[in-house]
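Asks: Residues in the sequence shown are numbered from 48 upward in steps of one, following the numbering used here. Glycine included, every Cβ here is placed at the ideal spot set by N, Cα and C.
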Amino acid sequence: MQSAQEAAAEALDLFRADLTRIGAIEPIRDLVGDVWSQNIDRHEPDVAGDTALSLGQNCVENLKTLALRRYRRDEREAVEDHWQIPGLQVELIKNALTLTHGNRRILLMKVPPNLGRRPSFSQFPRWASQSDVRHEMAVANTYALNGIRSDDLDQLTFADDPYDPTLVRNFLLVWAGEEDSPKTGAHLTVPVMGIRPFAAQVELWHDDDEKGRVRSNADMPEGPRFDTQPAVEPAIAIKPRPASEGNA
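Given below as structure tokens:
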């Protein structure tokens, strides 16, 4: 017999294997890394009054814009960043970035502030207090797991009513970036209703190095600094005084 938690974990393993097979994980990882590095590079709490909330909101909007551009192979994106992922669809549904493969979908969610790249998943807010689309995903997954909420995930299936992992079709990719660093990490999760927000989760990536993602001023064309410029003699011609002034 299989528990609801085991069924959710199996659904994750199946979907992660499919995402790996079609080559989807690395492009998503690059997208998240690019967006995070761009935003922390321009994040100015002391100068501009930026906050963790504004940082997160900027990331969400940038992810939506750049994901659609890369999926559509927009000329504003470098050719090497264009997505050519078999069977993956990218669209905005209820203004939420949605990645769909077959009958399964992924939404992206930034980890709440201060939880880090390997968060405690029990500290996520309950879905009833979140966006409608996340709440709908959790409800659908709970229904797919025979109505089992996260409070009872260890409950075994009945022989005549087995869990079917292929019915779990709604996944959240939760990601986080490291403060003052372009490093990111992400987990694929199964949101459900109940005390605990997730039935299962599996790590997709965890950056160990900076991979050169931060866009610093060093990337911009630089001329010689002011203090290295050669001194230039001013071209000033002194106007001669009229002869009448000299005889005054």
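Spatial neighbours of E108 within its chain, please: CB distance less than 8 Å, with the 5 preceding and 5 following residues excluded, ordered by chain position.
Replies: Excluding positions up to five away in sequence, the list is empty.
Asks: In whole angstroms, what separates the C-alpha of A54 from that of A187?
Replies: Roughly 15 Å separates the two Cα atoms.
Asks: One question on the structure: do A247 and V237 come within less than 8 Å of each other, judged by their Cβ atoms?
Replies: Contact flag set, yes.
Asks: Around the C-beta of D179, are 16 or more other C-beta atoms found within 10 angstroms, so that it is buried, or is it exposed?
Replies: Under this definition D179 is an exposed residue.
Asks: Using the C-alpha atoms, what's the distance from W83 back to C106?
Replies: Using only the alpha carbons, I get a separation of about 7 Å.
Asks: Quick check on the burial criterion: 16 or more other C-beta atoms within 10 angstroms. Buried or exposed for N86?
Replies: With 16 or more Cβ atoms within 10 Å of its Cβ, N86 is classed as buried.
Asks: When the Cα atoms are used, what is the spatial distance from D65 to V94?
Replies: Near 45 Å, if we compare the C-alpha coordinates of V94 and D65.
Asks: If you compare alpha carbons, which of Q49, Q52, A51 and L59 is closest to L220?
Replies: For the residues Q49, Q52, A51 and L59, the minimum Cα distance to L220 belongs to L59.
Asks: By Cβ distance below 7 Å, which residues in the same chain neighbour A175 in space, the five residues on each side in sequence not counted?
Replies: Cβ within range, chain order: H182.
Asks: For A265, count neighbouring Cβ atoms within 10 angstroms of its own Cβ and tell me buried if that reaches 16, exposed if not.
Replies: Since pLDDT at A265 reaches only 34, below the 50 mark, its modelled position is unreliable, and no value is offered.
Asks: Looking at R120: is its Cβ nearer than 8 Å to the Cβ of F62?
Replies: No, the Cβ-Cβ distance between R120 and F62 is not below 8 Å.
Asks: Taking just the CA atoms, how far does P209 sit from A185?
Replies: C-alpha separation (whole angstroms): 20 Å.
Asks: From the DSSP output, in three-state form, read off R181 for me.
Replies: DSSP places R181 in helix when its eight states are reduced to three.
Asks: Taking its Cβ as the centre, do 16 or more other Cβ atoms sit within 10 Å of T189, making it buried, or is it exposed?
Replies: The residue in question, T189, is buried, as its Cβ has 16 or more Cβ neighbours within 10 Å.
Asks: Determine whether the beta carbon atoms of P160 and F171 lie at a separation below 8 Å.
Replies: Contact flag unset, no.
Asks: In the DSSP assignment, what residue or residues form a beta bridge with E250?
Replies: H234.
Asks: Could you give the distance in angstroms between the alpha-carbon of L102 and the alpha-carbon of E122?
Replies: So the two alpha carbons sit approximately 26 Å from each other.
Asks: How would you label Q52, buried or exposed, when you count the other beta carbons within 10 angstroms and need 16 or more for buried?
Replies: By the 10 Å Cβ count, Q52 comes out buried.
Asks: Tell me whether V82 sits in a helix, a strand or coil according to DSSP, three-state version.
Replies: In this structure, V82 counts as helix in the three-state DSSP scheme.
Asks: Rounded to the nearest angstrom, what separates Q276 and L154 at their Cα positions?
Replies: No answer about Q276 holds up, because its pLDDT of 47 lies below 50 and its placement is not dependable.
Asks: Which term fits M267, buried or exposed, when burial requires 16 or more other beta carbons within 10 angstroms of its beta carbon?
Replies: With a pLDDT of 34 at M267, under the threshold of 50, the modelled position of this residue cannot be trusted, and the question is left open.
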